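Novice: Below you'll find the structure I mean.
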């Protein structure tokens with residue numbers, strides 16, 4: 130593990146057993162990291178009762194598998210069951226949420242891939258394959274157009290780990306919320322000029338406009354907090370799940386919506402489908418733990434949300450507020466839809 134490493138959302142970690150996880154969020158218990166499972170060594174295939182993709186990856190001789198769908202409630206429960214039965218050190222009962230969650234003990238980590246460092250290594254490499262050259266060309270184009278320094282970009286995914294094929298997607302990180310907005314605007318201008326094209330497969334793609342094609346190659350980009358943008362720490366709040374709700378509301382604040390977890394400040398909250406929502410329980414915040422619901426609406430726009438209403442208590446101050454959480458792992462029916 131790198132000395133002085135500050136784990137950031139999207140950093141990739143390899144464990145002693147060969148599991149590959151992506152770090153989730155920015156708040157972690159002492160000695161552990163919240164993370165989601167990305168790749169499974171093929172020798173553990175029979176332990177995981179989930180549908181797997183037909184293709185495989187290789188990292189230094191290990192054959193790796195991936196779930197067909199990474200972010201479903203059903204798959205998350207199956208992952209918890211498998212780790213509880215076969216690798217119990219990866220299960221952590223969070224006292225602030227009152228439930229078991231997946232987390233990686235720091236002493237199980239053998240390797241870390243940080244997107245910023247991986248992009249730097251790619252750019253400095255003397256020999257590059259065609260896909261790696263496309264990464265360099267795209268980052269240089271986005272940096273020039275947005276005026277965001279190349280040092281504030283990073284590289285996720287199989288290319289970052291040198292286990293890509295020529296068909297792999299280019300998955301970029303942009304460090305800093307303001308930098309992300311500048312890159313987002315630059316992508317829009319480049320699309321108007323025809324230098325790139327958007328890929329708009331559904332209404333979330335149309336709302337986020339984070340996925341495109343550059344010289345025939347699929348790319349995407351997402352925001353990662355800089356260290357100075359991390360404003361909370363694990364253990365500051367207690368989260369009490371109340372009951373599932375479905376609401377419509379107006380986005381009041383979108384500055385935190387580009388990260389993961391995505392946080393939307395909301396107002397003008399109305400229940401949907403006849404479900405009651407007492408006035409004193411009106412949520413002030415909508416939070417998505419699922420990355421695909423980042424940046425789906427800007428301030429002033431409306432969203433429909435299905436999720437779990439939670440009471441959030443400040444342990445130090447004794448104050449509280451309410452939020453709706455999407456991606457609790459309890460239901461497949463949780464979402465944020467732009468209206």
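Numbering (the working numbering), first residue to last: 130 to 468. All residues carry an ideal CB built from backbone N, CA and C; glycine is no exception. Small disclaimer: the values here were computed from a predicted structure and weren't measured.
1. Per DSSP, what kind of secondary structure is residue 101 in: helix, strand or coil?
2. Are residue 382 and residue 428 close, meaning C-beta to C-beta below 8 Å?
3. Taking all protein chains shown into account, do 16 or more other C-beta atoms lie within 10 angstroms of the C-beta of residue 144, making it buried, or fewer, making it exposed?
4. Closest to residue 389 by C-alpha separation, out of 353, 358 and 413, would be which residue?
5. Rounded to whole angstroms, what is the Cα-Cα separation between residue 322 and residue 270?
6. Look up residue 279 in the DSSP assignment and say whether it is helix, strand or coil.
7. Starting from the Cα of residue 415, find the closest Cα among 447, 445 and 457 and give me that residue.
8. Determine the extent of the beta strand (DSSP E) in which residue 392 is found, giving its start and end residues.
9. May I have the straight-line CA-CA distance separating residue 204 from residue 212, to the nearest angstrom?
10. Locate the alpha helix (DSSP H) running through residue 208, then write down its first and last residues.
11. Just to check my reading of the structure: residue 340 and residue 334 have Cβ atoms closer than 8 Å, yes? What is that Cβ distance to the nearest angstrom?
12. Taking C-alpha atoms, which residue in 378, 363 and 401 lies nearest to residue 393?
13. Just to check my reading of the structure: residue 455 and residue 419 have Cβ atoms closer than 8 Å, yes? What is that Cβ distance to the nearest angstrom?
14. So, are the CB atoms of residue 317 and residue 234 less than 8 Å apart?
15. Could you please give the first and the last residue of the uninterrupted beta strand (DSSP E) stretch that includes residue 322?
16. CA-CA distance, residue 294 and residue 195?
17. Going along the chain, which residues of its own chain have a beta-carbon closer than 6 Å to the beta-carbon of residue 199, five neighbours each way excluded?
18. Name the one or two DSSP bridge partners that residue 466 has.
19. Going along the chain, which residues of its own chain have a beta-carbon closer than 7 Å to the beta-carbon of residue 344, five neighbours each way excluded?
20. Tell me which residues share the same chain as residue 462 and place their Cβ nearer than 7 Å to its Cβ, disregarding the 5 neighbours each side in the sequence.
21. In this structure, does DSSP put residue 370 in helix, strand or coil?
22. What number of angstroms, rounded off, separates the C-alpha of residue 149 from the C-alpha of residue 220?
23. With 16 other CB atoms within 10 Å as the buried threshold, where does residue 266 fall?
24. Tell me residue 224's beta-bridge partners as DSSP assigns them.
25. Among 146, 365 and 304, which residue has its Cα nearest to the Cα of residue 445?
26. Let me see if you follow: with CB-CB separation under 8 Å, is residue 400 close to chain C or not?
27. Measuring CB to CB, does residue 249 end up less than 8 Å from residue 305?
28. Taking 8 Å as the cut-off, decide whether the C-beta atoms of residue 164 and residue 459 are in contact.
29. Taking just the CA atoms, how far does residue 188 sit from residue 291?
30. Taking the straight line between their C-alpha atoms, what separation do you get for residue 297 and residue 176?
31. Please return the same chain residues whose Cβ sits closer than 6 Å to the Cβ of residue 464, not counting the five positions on each side in sequence.
32. With respect to the beta strand (DSSP E) encompassing residue 289, which residues constitute its N-terminal and C-terminal limits?
33. Check whether the Cβ atoms of residue 363 and residue 156 sit closer than 8 Å, and answer yes or no.
34. Determine the contact status of residue 283 and residue 247, defining contact as a CB-CB distance below 8 Å.
Specialist: So, from the listed chains and residues:
1. This structure leaves residue 101 out entirely; the chain is present only between 130 and 468.
2. Taking the first residue of the chain shown as 1, we reach residue 382 at position 253. Taking the first residue of the chain shown as 1, we reach residue 428 at position 299. The answer is yes: Cβ separation under 8 Å.
3. Locating residue 144 in the chain shown gives position 15, counting from the first residue. Classification of residue 144: buried, given that the 10 Å Cβ count is 16 or more.
4. Locating residue 389 in the chain shown gives position 260, where the first residue counts as 1. Minimum Cα distance to residue 389 is reached at 353.
5. Reading the chain shown from its first residue, position 193 is the one you call residue 322. Reading the chain shown from its first residue, position 141 is the one you call residue 270. Approximately 13 Å, taken between the alpha carbons.
6. As a first step, residue 279 must be located in the chain shown, where it is residue number 150. Residue state, collapsed to three classes: helix.
7. Locating residue 415 in the chain shown gives position 286, where the first residue counts as 1. Selected option, being the one with the closest Cα: 457.
8. By one-based count along the chain shown, residue 392 stands at place 263. Counting along the chain, the beta strand (DSSP E) containing residue 392 begins and ends at 391-400.
9. Sequence index remark: in the chain shown, residue 204 carries index 75 (1-based). Sequence index remark: in the chain shown, residue 212 carries index 83 (1-based). About 12 Å.
10. Indexing the chain shown from 1 puts residue 208 at position 79. Run containing residue 208: 202-215, per the alpha helix (DSSP H) assignment.
11. Here residue 340 corresponds to residue number 211 of the chain shown, with the count starting at 1. Here residue 334 corresponds to residue number 205 of the chain shown, with the count starting at 1. Right, their Cβ atoms sit about 6 Å apart.
12. What you label residue 393 is simply residue 264 of the chain shown in a count that begins at 1. For the residues 378, 363 and 401, the minimum Cα distance to residue 393 belongs to 378.
13. Looking up residue 455 in the chain shown gives position 326. Looking up residue 419 in the chain shown gives position 290. That belief holds up - the Cβ atoms of residue 455 and residue 419 are roughly 6 Å apart, short of 8 Å.
14. Position 188 of the chain shown, counting from 1, holds the residue named residue 317. Position 105 of the chain shown, counting from 1, holds the residue named residue 234. Taking 8 Å as the Cβ cut-off, residue 317 and residue 234 do not qualify as a contacting pair.
15. For this step, residue 322 is matched to residue 193 along the chain shown. Judged by DSSP secondary structure, residue 322 falls outside any beta strand (DSSP E) and instead within the alpha helix (DSSP H) spanning 306-322.
16. Looking up residue 294 in the chain shown gives position 165. Looking up residue 195 in the chain shown gives position 66. Their backbone Cα atoms lie some 15 Å apart in a straight line.
17. On the chain shown, position 70 is the one that residue 199 refers to. Around residue 199: no qualifying Cβ.
18. As a working mapping, residue 466 is identified with position 337 in the chain shown. DSSP output for residue 466 lists 433 as bridge partner(s).
19. Locating residue 344 in the chain shown gives position 215, counting from the first residue. For residue 344, where only same-chain residues beyond five positions count, the Cβ hits under 7 Å are 263.
20. Mapped onto the chain shown, residue 462 falls at position 333. These residues qualify, in order along the chain: 435.
21. Translated into the one-based positions of the chain shown, residue 370 becomes position 241. Strand.
22. Numbered from 1 along the chain shown, position 20 holds the residue referred to as residue 149. Numbered from 1 along the chain shown, position 91 holds the residue referred to as residue 220. The alpha-carbon atoms of residue 149 and residue 220 are separated by roughly 16 Å.
23. Taking the chain shown and counting its residues from 1, the one referred to as residue 266 is at position 137. By the 16-neighbour rule on beta-carbons within 10 angstroms, residue 266 is exposed.
24. Here residue 224 refers to the residue found at position 95 when the chain shown is read from its first residue. Residue 224 is not bridged to any residue.
25. For the purposes of this step, residue 445 is taken as residue 316 along the chain shown, with counting starting at 1. Nearest of 146, 365 and 304 to residue 445, Cα basis: 365.
26. The structure shown contains no chain C; it is built from a single protein chain.
27. Counting from one through the chain shown, the residue named residue 249 turns up at place 120. Counting from one through the chain shown, the residue named residue 305 turns up at place 176. No, they are not a contact pair.
28. By one-based count along the chain shown, residue 164 stands at place 35. By one-based count along the chain shown, residue 459 stands at place 330. It is not a contact, given that the beta carbons lie outside the stated cut-off.
29. Sequence index remark: in the chain shown, residue 291 carries index 162 (1-based). Sequence index remark: in the chain shown, residue 188 carries index 59 (1-based). Near 8 Å, if we compare the C-alpha coordinates of residue 188 and residue 291.
30. If you number the chain shown from 1, residue 297 lands on position 168. If you number the chain shown from 1, residue 176 lands on position 47. Their backbone Cα atoms lie some 27 Å apart in a straight line.
31. The sequence position of residue 464 within the chain shown is 335, counting from 1. Cβ within range, chain order: 435.
32. As a first step, residue 289 must be located in the chain shown, where it is residue number 160. Taken as a continuous stretch (DSSP letters only), residue 289 belongs to no beta strand (DSSP E), being part of the alpha helix (DSSP H) at 286-289.
33. Within the chain shown, residue 363 is the residue found at index 234, counting from 1. Within the chain shown, residue 156 is the residue found at index 27, counting from 1. Judged by their CB atoms, residue 363 and residue 156 are nearer to each other than the 8 Å cut-off.
34. Along the chain shown, read from residue 1 onward, the residue named residue 283 stands at position 154. Along the chain shown, read from residue 1 onward, the residue named residue 247 stands at position 118. If you check the CB distance, residue 283 and residue 247 come in under 8 Å.
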